[in-house]
Structures are given as structure tokens and as C-alpha cells.
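Single-structure report; data block below.
Protein chains: 2
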Amino acid sequence: MIRKAISPENLGSVLREARKQKGLNQTATGKLVGIDQPTVSKVEQGSGGTQLGTLFRLLAALELEMVIQPRSKTDVKNDGDKW
Amino acid sequence: MIRKAISPENLGSVLREARKQKGLNQTATGKLVGIDQPTVSKVEQGSGGTQLGTLFRLLAALELEMVIQPRSKTDVKNDGDKW
DNA sequence: ACGATCTATAGCTTATGCGCTATAAATTTA
DNA sequence: TAAATTTATAGCGCATAAGCTATAGATCGT
Numbered sequence: 002m003i004r005k006a007i008s009p010e011n012l013g014s015v016l017r018e019a020r021k022q023k024g025l026n027q028t029a030t031g032k033l034v035g036i037d038q039p040t041v042s043k044v045e046q047g048s049g050g051t052q053l054g055t056l057f058r059l060l061a062a063l064e065l066e067m068v069i070q071p072r073s074k075t076d077v078k079n080d081g082d083k084w
Numbered sequence: 002m003i004r005k006a007i008s009p010e011n012l013g014s015v016l017r018e019a020r021k022q023k024g025l026n027q028t029a030t031g032k033l034v035g036i037d038q039p040t041v042s043k044v045e046q047g048s049g050g051t052q053l054g055t056l057f058r059l060l061a062a063l064e065l066e067m068v069i070q071p072r073s074k075t076d077v078k079n080d081g082d083k084w
């Protein structure tokens with residue numbers, strides 16, 4: 002499971018996976034936090050133009066949190082799959 | 002130096018701290034990745050309107066990466082930081 | 001194949017980001 | 001405290017996000 006994101010595309014993939022993991026569709030997810038379905042779609046496709054406010058609302062809907070840390074040279078996909 | 006962010010304000014604080022830790026000012030940081038100083042300022046102040054593309058460029062300038070993970074059950078106000 | 005559900009795309013409108021430049025506060029340093 | 005540096009704010013022009021609605025395309029189940 003990809004957790005690390007260094008680009009909007011990465012992030013979009015992470016969000017999509019998390020959403021499916023929760024059994025939600027784009028419409029339902031967006032409704033939880035006031036984002037319309039087309040916007041959820043664009044974020045998941047990796048739109049770098051997406052705004053931070055939109056991202057954090059999405060994270061809230063999916064019960065996710067963001068961690069900022071120094072870039073690791075060695076890749077980080079440790080941690081037994083928790084989701 | 003691992004910091005969680007659940008809002009644009011959180012994130013802005015994290016970025017500002019990381020920048021200072023690297024001994025950079027807003028102008029120098031922005032120049033590394035083609036962002037102007039006023040924009041860096043707004044991001045650090047927590048503008049939810051900041052775009053993801055801008056954020057990722059800033060992360061690159063500061064040699065940071067983003068990790069998305071399930072929200073910790075233990076409250077986010079638990080590691081000594083004030084937000 | 002069919003219908004139902006889900007996702008992607010499009011047009012319109014309003015709002016706002018960002019680069020650029022200039023300048024005003026605020027902070028640091030001597 | 002004055003000067004230098006750094007950060008915040010503002011206006012302009014251009015580009016684009018996001019909400020809304022509609023619909024086309026894709027996917028799933030029967």
C-alpha cells in the first residue's frame with residue numbers, strides 16, 4: 002500500500018485506495034465534507050491544481066491524516082498493512 | 002521531526018519550522034523551486050487555497066515528504082505541540 | 001446483453017491562486 | 001536606535017479551481 006506521496010499523482014492514488022478501502026464512492030465521500038463528485042475525481046487523478054482546503058476535507062472524510070517528514074532515501078513501505 | 006497536519010494551518014507551521022531549521026528564508030526557499038516569496042508566506046500562514054502543486058514544490062525545496070495514514074486514535078494534541 | 005451504479009468530462013459562473021512588482025510591517029543585527 | 005534583513009500585504013493580469021448540472025463513458029452484477 003502506497004502511503005508516501007511526493008506528487009499530486011501519488012497522492013491521488015493513495016486517496017483513491019483509501020476511499021475504496023472504506024467502501025465509499027466519490028459521491029458519498031464528497032458529500033461527507035461538501036465536495037462534489039467531479040472534484041473528488043480530479044483530486045484522485047492527481048490534479049496539482051487542487052487546493053489544500055479540498056485535500057484536507059477529503060482527508061477528513063476518509064479519516065486520514067497527513068504526516069510531513071524528512072525525505073527518506075530508503076523507500077518506506079514498511080509497517081504491516083494496516084489498511 | 003515528524004509532524005502531523007490536519008489543516009492548512011498545521012501544515013503551514015510545519016513548513017515554516019522546517020524551513021527555519023534549514024536556515025533558509027522565504028525568498029531563497031521559493032527560488033529553489035520557482036515559487037515567489039509572497040506565495041511561500043501565504044502557505045506558511047495556512048492558506049487553504051494553496052494548490053497542491055505549490056505544496057509539493059515546497060516540500061521538494063525543503064527536502065520533505067508527505068505520508069498519508071489512518072488518523073491516530075490517540076488525539077492529535079498529544080505530542081507537545083500547540084495546535 | 002441489460003440495467004444499475006460509479007467515474008470522467010464538459011460548460012457555465014464565481015472566486016481565487018500565483019507570478020510579478022512594489023511597499024509596508026516586523027524582526028534581527030550591529 | 002538605526003540600518004539591514006526578512007516577512008506580510010496589496011494591486012494587476014492571467015489562468016484555473018470548485019460548485020452546479022448534465023451526460024458520456026466505464027464497471028459491476030444478474
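From first to last, the protein sequence lines stand for chains A and B.
Residue numbering for the first sequence is 2 to 84, as defined by the numbering used here.
Residue numbering for the second sequence is 2 to 84, as defined by the numbering used here.
Every residue, glycine too, gets a C-beta built ideally from N, C-alpha and C.
- The stretch 25-50 of chain A contains, as complete alpha helix (DSSP H) runs of 4+ residues, the segments 27-34 and 38-45 (chain order).
- With contacts defined as CB atoms closer than 7 Å, residue 53 of chain A and residue 49 of chain B qualify as a contacting pair.
- Counting of Cβ neighbours within 10 angstroms places residue 73 of chain A among the exposed residues, the total staying below 16.
- For residue 71 of chain A, the C-beta contacts it makes with chain B under 8 Å involve 2, 64, 65 and 66, in order along the chain.
- Between the alpha carbons of residue 30 of chain A and residue 16 of chain B lies a distance of about 28 Å.
- In the structure shown, residue 4 of chain B falls within a strand segment according to DSSP collapsed to helix, strand and coil.
- Using beta-carbon distances, residue 15 of chain A counts as an interface residue toward chain B, with a partner under 7 Å.
- Here the stretch 54-63 of chain A lies against the stretch 33-41 of chain A, with 3 or more beta-carbon pairs under 8 Å apart.
- The C-beta separation of residue 42 of chain A from residue 22 of chain A comes to about 18 Å, leaving the pair out of contact by the 8 Å criterion.
- For residue 18 of chain A, the secondary structure class from DSSP, reduced to helix, strand or coil, is helix.
- Secondary structure at residue 64 of chain A: coil, using DSSP grouped into helix, strand and coil.
- Listed as beta-bridge partners of residue 71 of chain A by DSSP are B:65.
- Nearest to residue 63 of chain A by C-alpha distance, out of A:40, A:18, A:47 and A:39, is A:18.
- Residues of chain A with a Cβ closer than 8 Å to the Cβ of residue 40 of chain B do not exist; the shortest Cβ-Cβ separation is about 13 Å.
- Residues of the stretch 24-50 of chain A that bring their beta carbon within less than 9 Å of a beta carbon in chain B comprise 44, 47, 48, 49 and 50, in sequence order.
- Ranked by Cα distance from residue 45 of chain A, the first of A:20, A:5 and A:7 is A:20.
- CA-CA distance, residue 11 of chain B to residue 47 of chain B, rounds to 7 Å.
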